[in-house]
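Colleague:
Numbering (our numbering), first residue to last: 2 to 589.
(1) Considering only residues of the region 130-210, which uninterrupted beta strand (DSSP E) runs meet the minimum length of 3 residues and lie entirely inside it, listed in chain order?
(2) In the DSSP output, what is residue 587 paired with across the bridge?
(3) Quick one: using the 10 Å Cβ neighbour count with 16 as the cut-off for buried, is residue 113 buried or exposed?
(4) Based on the DSSP secondary-structure assignment, which residues constitute the bridge partners of residue 254?
(5) Give the range of the beta strand (DSSP E) segment to which residue 616 is assigned.
(6) With distance defined between alpha-carbon atoms, name the residue in 329, 288, 334 nearest to residue 312.
(7) Take residue 1 and list the residues in its own chain whose beta-carbon comes closer than 6 Å to its own, dropping the five residues that flank it on each side.
(8) Counting C-beta neighbours from all protein chains within 10 Å, is the total for residue 168 16 or more, i.e. buried, or is it exposed?
(9) So the alpha helix (DSSP H) residue 506 belongs to, where does it begin and stop?
(10) Compute the beta-carbon to beta-carbon distance between residue 171 and residue 141, rounded to the nearest angstrom, for a pair I have assumed lies under 8 Å.
(11) How about residue 124 and residue 255: are their beta carbons less than 8 Å apart?
(12) May I ask you to report which of helix, strand or coil DSSP gives residue 67?
(13) Name the two residues that bound the continuous alpha helix (DSSP H) containing residue 281.
(14) Measuring alpha carbon to alpha carbon, tell me which of 387, 259, 461 ends up nearest residue 175.
(15) Would you mind giving the Cβ-Cβ distance between residue 352 and residue 336, rounded to the nearest angstrom? I have them listed as a contact below 8 Å.
(16) Buried or exposed: residue 205, going by 16 or more other Cβ atoms within 10 Å of its Cβ?
(17) How many whole angstroms separate the CB atoms of residue 495 and residue 367, which I take to be in contact at a CB cut-off of 8 Å?
(18) If we ignore side chains and look at the alpha-carbon of each, how far apart do residue 92 and residue 261 end up?
(19) Flag this pair as touching only if the region 54-68 and the region 80-90 have three or more C-beta atom pairs under 8 Å; answer yes or no.
(20) Assuming residue 159 contacts residue 148 (C-beta within less than 8 Å), just tell me the rounded distance between them.
(21) List the residues that DSSP assigns as beta-bridge partners of residue 315.
(22) Less than 8 Å between the C-beta atoms of residue 284 and residue 187, yes or no?
(23) Take residue 152 as the anchor and find which of 224, 90, 107 has the nearest alpha-carbon.
(24) For residue 643, which residues of its own chain have a beta-carbon under 6 Å away from its beta-carbon, when the five flanking residues on both sides are left out?
(25) To the nearest angstrom, how far is it from the Cα of residue 273 to the Cα of residue 383?
(26) Rank 330, 369, 348, 310 by C-alpha distance to the C-alpha of residue 387 and give the top, closest one.
(27) Can you check DSSP and say which residues form a bridge with residue 20?
(28) To the nearest angstrom, how far is it from the Cα of residue 331 to the Cα of residue 390?
(29) Roughly how many angstroms separate the alpha carbons of residue 33 and residue 252, rounded to a whole number?
(30) Which of the three DSSP states, helix, strand or coil, is assigned to residue 214?
(31) Out of 220, 98, 52, point me to the one whose CA is closest to residue 59's CA.
(32) Answer yes or no: do residue 235 and residue 257 have a C-beta to C-beta separation smaller than 8 Å?
(33) Tell me, which residues are paired with residue 82 by DSSP?
(34) Taking residue 117 as the reference, give the member of 302, 29, 555, 501 with the closest Cα.
(35) Determine the direct distance from the alpha carbon of residue 304 to that of residue 577, and round the result to whole angstroms.
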């Protein structure tokens, strides 16, 4: 029995030893312009063939995989051979390693050994004289980077257009980017090219066809010599040979070439220091500046929007707008930034704006000081400043002025007091009335009440003082109260705009966000969907309510541009009121 088991074991090992799976290459050393043939062979049929990652090894597949299978019977014994063949082109020089391939043969995983290949500089490839190209791709294929200006100011736009020039005698079949250009120390924006189109042009004094491959707008962000790294391409093309067909037309052969636009150096000039205003924030171009309030006369509880905007052509995305300064009696909230900027080949153009919501606290007249906007004008190479007009805000009613209110408001209140005094001047201000009968004050109930009143008032004063101090020190609580008031204000604004789609959804979205700011004590910058969902879950809000809240805030943005009826606006408003009501109950 032991002999039988041993015999079976030896036969199994012998069978396993017969399985071969190996990789062979056509050469172990080649130039970077040569192609490599690699063949994976096995003497038993297998499944799930996995080739190595050629790109990670420094090669690109230009042919294959092709497969061949052969099987024969000789003297009653069978032989089997199966191959997978790839044609590779190296993408870099040096000692490269092609990693293992694997296959499943009879339930066993087999792997090839890694192969080392040395890739050198380009070499001259001998060709068949009958297939010798009549025209070389080397002399008829060029990649050029056209730069609009090589000596711009900081933040002055320049354009880089990459063009591939090729002769009329060759055809381009494919191209791949090897090295993408890097724009260090530039703000960059690629311009989409929807369809490549061959055009006629002149290059080196001769007529060529060319294709625009890439367009990029650049804004240098620092002065000095800045380098634009090159764009490199691998081009597959067809070139004519010396052989001709039956009709006398030249036969074409496949060829390839690697081209590069070369690195470019841009000498960037700093903006002049002479005449530079202190409030200059880096705006370069030609602009118009406006500051406009939505209203200047308000009632108690109303708010106004102050719009600060810049329109024109220049680096609109690369500077900040001036911030208004308002009296302490006007509460100003963080702005909502809006950009409507397009970027053609000539540079940025459009409008940017900051919208501030302002809520007055007291009755009176208040002045918002003029704002200044300074920019560097590329047309005249000088700084220009635009100043807005002062804005006077009139609050018709509301609580009286406090000690730190503006001087204008204090004078107004004093004037009102004088007018009241004049109105009642004819009335006698003092009297000398005597009671008909007099009771002894000493020992009366009033006497004892007055004696005990100061003693009873002491604890109340202490408690009141402590509550006042706690309320004054509760910065977060006061901020929540203000944000709650702002949420109610926007919800009220949304109701007023039920017939007007865009302002309705803007006010509704602000109401939802300000409600969260009040309830969760978070800032607007933290209001991502994931952050909101995470915080609401930790505060025991129900999952359906969280989902409805996030969906409604997302729909507010989409609904501004979609078709919607007045009934849909009413439904969204009622939905917002319901969600806020549910969160009021659920949040702890």
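For each residue, glycine too, the CB sits at the ideal point set by N, CA and C. Nothing here was measured: the structure is a model prediction, and the numbers come from that model.
Modeller: In short, the structure shows the following:
(1) You should have 142-148, 159-167, 172-180, 187-192, 199-204.
(2) Stepping through the chain shown from its first residue, residue 587 is reached at position 586. According to DSSP, residue 587 bridges with nothing at all.
(3) Numbered from its first residue, the chain shown carries residue 113 at position 112. Label assigned to residue 113: buried.
(4) Here residue 254 is taken as the residue at index 253 of the chain shown, counted from 1. Residue 254 pairs with 240.
(5) Lying outside 2 to 589, the shown extent of the chain, residue 616 is not represented and no answer is given.
(6) Position 311 of the chain shown holds residue 312. Measuring from the Cα of residue 312, the nearest candidate turns out to be 288.
(7) This structure leaves residue 1 out entirely; the chain is present only between 2 and 589.
(8) Here residue 168 refers to the residue found at position 167 of the chain shown. Residue 168 comes out buried.
(9) On the chain shown, residue 506 is found 505 positions in, with the first residue counted as 1. Looking at the DSSP string, the run of the alpha helix (DSSP H) that includes residue 506 is 502-521.
(10) Locating residue 171 in the chain shown gives position 170, where the first residue counts as 1. Locating residue 141 in the chain shown gives position 140, where the first residue counts as 1. Rounded to whole angstroms, the Cβ separation of residue 171 and residue 141 is 6 Å, and the two are in contact under 8 Å.
(11) Position 123 of the chain shown, counted from the first residue, corresponds to residue 124. Position 254 of the chain shown, counted from the first residue, corresponds to residue 255. Contact: no.
(12) One-based indexing of the chain shown puts residue 67 at position 66. Strand.
(13) In the chain shown, residue 281 corresponds to position 280, counting from 1. Looking at the DSSP string, residue 281 is not in any alpha helix (DSSP H), and its letter there is neither H nor E.
(14) The residue labelled residue 175 in the question sits at position 174 within the chain shown. Considering only alpha carbons, the answer is 259.
(15) Locating residue 352 in the chain shown gives position 351, where the first residue counts as 1. Locating residue 336 in the chain shown gives position 335, where the first residue counts as 1. So it is not a contact: roughly 15 Å between Cβ atoms.
(16) Within the chain shown, numbered from 1, the residue matching residue 205 stands at position 204. Residue 205 comes out exposed.
(17) For the purposes of this step, residue 495 is identified with residue 494 of the chain shown, where counting begins at 1. For the purposes of this step, residue 367 is identified with residue 366 of the chain shown, where counting begins at 1. Actually they do not touch by this definition, with Cβ atoms about 27 Å apart.
(18) Taking the chain shown and counting its residues from 1, one reaches residue 92 at position 91. Taking the chain shown and counting its residues from 1, one reaches residue 261 at position 260. The straight-line gap from Cα to Cα measures roughly 14 Å.
(19) yes
(20) Locating residue 159 in the chain shown gives position 158, where the first residue counts as 1. Locating residue 148 in the chain shown gives position 147, where the first residue counts as 1. That belief holds up - the Cβ atoms of residue 159 and residue 148 are roughly 6 Å apart, short of 8 Å.
(21) The residue you call residue 315 lines up with position 314 of the chain shown. Bridge partners of residue 315: 286.
(22) The sequence position of residue 284 within the chain shown is 283, counting from 1. The sequence position of residue 187 within the chain shown is 186, counting from 1. Taking 8 Å as the Cβ cut-off, residue 284 and residue 187 do not qualify as a contacting pair.
(23) By one-based count along the chain shown, residue 152 stands at place 151. Considering only alpha carbons, the answer is 224.
(24) With the chain running from 2 to 589 in the structure shown, residue 643 is simply not present.
(25) Position 272 of the chain shown, counting from 1, holds the residue named residue 273. Position 382 of the chain shown, counting from 1, holds the residue named residue 383. Using only the alpha carbons, I get a separation of about 8 Å.
(26) Numbered from 1 along the chain shown, position 386 holds the residue referred to as residue 387. Checking every option, the nearest Cα to that of residue 387 belongs to 310.
(27) Your numbering for residue 20 matches position 19 in the chain shown. Note: residue 20 sits in no beta bridge, so no partner.
(28) As a position in the chain shown, residue 331 is number 330, starting the count at 1. As a position in the chain shown, residue 390 is number 389, starting the count at 1. For residue 331 and residue 390, the distance between alpha carbons rounds to 18 Å.
(29) In the chain shown, residue 33 corresponds to position 32, counting from 1. In the chain shown, residue 252 corresponds to position 251, counting from 1. Roughly 26 Å between the two C-alpha positions.
(30) Numbered from 1 along the chain shown, position 213 holds the residue referred to as residue 214. Residue state, collapsed to three classes: strand.
(31) Stepping through the chain shown from its first residue, residue 59 is reached at position 58. Per the Cα distances, 98.
(32) On the chain shown, position 234 is the one that residue 235 refers to. On the chain shown, position 256 is the one that residue 257 refers to. In contact: residue 235 and residue 257 (Cβ atoms closer than 8 Å).
(33) Working through the chain shown from its first residue, we reach residue 82 at position 81. DSSP, once it has assigned bridges, lists 71 as partnering residue 82.
(34) Start at 1 with the first residue of the chain shown, and residue 117 comes out as number 116. If you compare the alpha carbons of 302, 29, 555, 501 with that of residue 117, the shortest gap goes to 29.
(35) Residue 577 sits at position 576 when you count from the first residue of the chain shown. Residue 304 sits at position 303 when you count from the first residue of the chain shown. The alpha-carbon atoms of residue 577 and residue 304 are separated by roughly 21 Å.
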